[in-house]
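In the numbering used here, the protein residues as written are 39 to 450. Glycine included, each C-beta is placed from N, C-alpha and C at the ideal position. Note that the structure is predicted; figures quoted are calculated from it, not measured.
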Amino acid sequence: MANNWKRRTSEEIREIVRKALDQNVDFREGKFLGVPASHLDENVFYSDAPFLRDAPYMSTMVSNPNNIGCHTMGESESFFEGTQNIERELIKICAEDILKGKEDEQDGYVASGGTEANVQAAWIYRNLFIKEHGAQHNEIGLLCSADTHYAVYKAVNLLNIKIYTVPVDDETRKIKPSELDRVLKEAQNEGIQNFVVFANMATTMFGSVDEVNPYVQALKKHNFRYKIHADGAFGGFIYPFSASASELTFQNPEITSFTLDAHKMVQAPYGTGIFLIRKGYMDYAVTEEAKYVQGQDITLIGSRSGANAVAVWMILSNYGPYGWKERIHTLLYRTNILCQKLDEYGITYYRHPDLNIVTMHAGQFPVEMAKEFNLVPDNHHNPKWFKIVVMTHVSLDVLMEFTEAVKSNVKT
Ligand SMILES: Cc1ncc(COP(=O)(O)O)c(C=O)c1O
39 MANNWKRRTS EEIREIVRKA LDQNVDFREG KFLGVPASHL DENVFYSDAP FLRDAPYMST
99 MVSNPNNIGC HTMGESESFF EGTQNIEREL IKICAEDILK GKEDEQDGYV ASGGTEANVQ
159 AAWIYRNLFI KEHGAQHNEI GLLCSADTHY AVYKAVNLLN IKIYTVPVDD ETRKIKPSEL
219 DRVLKEAQNE GIQNFVVFAN MATTMFGSVD EVNPYVQALK KHNFRYKIHA DGAFGGFIYP
279 FSASASELTF QNPEITSFTL DAHKMVQAPY GTGIFLIRKG YMDYAVTEEA KYVQGQDITL
339 IGSRSGANAV AVWMILSNYG PYGWKERIHT LLYRTNILCQ KLDEYGITYY RHPDLNIVTM
399 HAGQFPVEMA KEFNLVPDNH HNPKWFKIVV MTHVSLDVLM EFTEAVKSNV KT
């Protein structure tokens with residue numbers, strides 16, 4: 039097992055971040071005439087405020103490092119070496135300690151969010167099919183379940199490829215094998231030979247987890263070329279800790295890349311999507327024209343704050359792997375209690391046993407109740423489902439208040 043992820047005291051965390059900032063350029067000292075960047079405006083952001091000494095994330099924000107590029111391969115901009123090192127360690131934690139990748143065999147970077155990380159994956163595979171196999175755009179498709187996040191629709195629109203969605207069973211949320219077969223035949227008839235496949239490590243609305251094997255078997259049967267990306271934007275920081283055996287790791291040779299999103303379950307600031315991919319693939323997204331960037335830019339985003347990597351690294355280091363597992367299990371415990379109560383009151387719902395999302399069929403309690411507790415519907419015009427996501431702010435007290443309201447209002 040990898041051993042990059044360590045629990046650290048807040049003093050250790052402060053010290054490591056302070057040293058990282060010392061390794062970065064200090065725009066106030068030295069001659070950085072050509073760099074179109076600086077620290078944050080001192081008239082607004084008070085770079086000498088005394089509290090910053092004890093606030094590593096805030097002080098990184100104020101010093102404003104640009105972690106542009108991908109730092110797990112080749113050279114990088116020398117100005118921000120300290121915060122790039124922190125990002126490198128964070129990527130290793132995610133790829134090796136959480137997703138069981140082999141040592142130094144994955145690349146990755148902190149993206150703007152799950153959407154960007156997903157588009158980055160599709161972009162890389164589309165370019166691979168074009169470059170290595172001479173594919174035309176109309177010979178490349180994106181295959182995913184009907185429950186997949188709408189980011190894939192942005193991806194296919196931007197990349198000029200076609201999407202093929204596979205219907206899922208209404209109760210199990212699993213893709214229907216017969217439908218998969220039908221969709222693949224349709225794609226074949228339309229000239230598709232290559233597929234970017236998205237497997238969900240927890241869908242947004244249901245928390246359902248896709249099985250990879252049905253995709254693999256069907257794609258092989260129909261002789262498609264394919265690359266599989268696992269979208270763990272929601273479940274990537276939960277499922278690897280809750281599932282007794284997960285096939286959604288780098289140990290599964292069928293999966294080439296992952297999205298994780300620290301600005302969901304990790305409670306990191308927005309701007310902390312994480313893109314991870316096996317070595318040898320990032321170059322398919324190289325922009326040759328990015329000549330002024332040291333080490334070139336093979337990410338979609340371009341300039342991005344080094345403070346984001348620092349924030350995620352700080353949170354994970356604060357808990358360590360065991361503390362994190364404990365935290366996830368607290369949320370699952372609350373979810374279990376919620377489900378017990380719903381069972382007691384005869385409310386029907388979908389819940390994956392290793393996830394903290396409970397999605398109830400609409401029509402079982404008044405819509406006003408859904409509004410009062412801010413449940414999220416599958417669509418706002420004609421809701422069929424309402425979901426509860428058990429995050430840290432969703433305490434047992436509030437959940438019990440909800441189930442009591444259900445008990446008094448349940449429609450039979
Ligand atoms: C499974 C999944 N993928 C992708 C995304 C998009 O993430 P972001 O909003 O960070 O771009 C989300 C957001 O809810 C998601 O749940």
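CB contact flag (G270, L298, <7 Å): yes
Please name the residue, chosen from H399, V414 and L437, that lies closest to E209 on a Cα-to-Cα basis. H399
Quick one: using the 10 Å Cβ neighbour count with 16 as the cut-off for buried, is D185 buried or exposed? buried
Coarse secondary structure for P103, derived from DSSP in three states: coil
Does F296 pass the burial test, meaning 16 or more other C-beta atoms within 10 Å, or should it be called exposed? F296 comes out buried.
Is any beta-carbon of chain B found at less than 7 Å from that of L222? In the structure shown, chain B does not exist; there is a single protein chain.
Euclidean distance between Cα positions of D219 and N238: Spanning the two alpha carbons is a distance of roughly 19 Å.
Confirm, please, whether the CB-CB distance from V428 to D369 is below 7 Å. Note on identity: in this sequence residue 369 is Leu, with Asp being the wrong assignment. Taking C-beta atoms as the reference points, L369 and V428 count as a pair closer than 7 Å.
Spell out the partners DSSP gives R316 in its beta bridges. Q144
Which term fits A155, buried or exposed, when burial requires 16 or more other beta carbons within 10 angstroms of its beta carbon? buried
Would you mind listing the alpha helix (DSSP H) stretches within the stretch 130 to 207 that are 4+ residues and don't spill past its ends, in chain order? 152 to 171 and 189 to 197
Does the separation of the CB atoms of Y387 and V396 fall below 7 Å? Yes, the Cβ-Cβ distance between Y387 and V396 is below 7 Å.
How many angstroms separate the CA atom of Y84 from the CA atom of Q231? 57 Å
Do A347 and V148 have their C-beta atoms closer together than 7 Å? yes
What residues in its chain sit with their C-beta under 6 Å from that of F233, if we drop five residues either side in the sequence? The residues are G179, L181, F262 and Y264.
Check whether the Cβ atoms of I375 and F279 lie closer than 7 Å to each other. no
Can we count T242 as close to ligand 1, meaning its CB is less than 6 Å from some heavy atom? yes
Exposed or buried, which one is V19 when buried takes at least 16 other CB atoms within 10 Å? In this structure the chain extends from 39 to 450, so residue 19 is not present and cannot be described.
7 Å Cβ cutoff met for L222 and A256: yes
Ligand 1 and F272: does any heavy atom of the ligand fall closer than 6 Å to the residue's C-beta? At least one heavy atom of ligand 1 is nearer than 6 Å to the Cβ of F272, so yes.
In terms of DSSP beta bridges, what is S280 paired with? Answer is none; S280 lacks a bridge partner.
Grab the span of the alpha helix (DSSP H) containing K69 for me, first residue to last. DSSP places K69 outside any alpha helix (DSSP H), giving it a letter other than H or E.
Grouping DSSP H, G and I as helix and E and B as strand, with all else coil, what is N251? N251 carries a helical assignment under DSSP once its states are collapsed to helix, strand and coil.
Thinking just about the alpha-carbon of each residue, which of R164, Q158 and A173 is nearest to the one in T189? In the sequence on display, residue 189 carries Ala and not Thr. Residue Q158 is the option with its Cα nearest to A189.
For D219, is the beta carbon positioned less than 6 Å from some heavy atom of ligand 1? The answer is no for D219.
Taking the alpha carbon of F117 as the reference point, which residue from N41, V55, D60 and E228 has its own alpha carbon closest? Cα-wise, what sits closest to F117 is D60.
Distance check for L90 and E249, CA to CA, integer angstroms please. 46 Å
Give me the Cα-Cα distance between E49 and E67, rounded to the nearest whole angstrom. 26 Å
Per DSSP, K425 is paired with what? T397 and V414
Rounded separation between P404 and T325 - CA only: 53 Å
Within 10 Å of its beta-carbon, does Q378 have 16 or more other beta-carbons around it, so buried, or fewer, so exposed? exposed
A75 and T121: beta carbons closer than 7 Å? no
Cβ-based neighbour list, M407, same chain, cut-off 7 Å, excluding 5 preceding and 5 following: A443 and N447
Ligand 1 heavy atoms versus the CB of T368: any closer than 6 Å? It does not: the Cβ of T368 is nowhere closer than 6 Å to a heavy atom of ligand 1.
Do the stretch 350 to 362 and the stretch 301 to 315 touch if we need at least three Cβ pairs shorter than 8 Å? yes
Please classify E177 as buried or exposed, where buried requires at least 16 other C-beta atoms within 10 Å of its C-beta. buried
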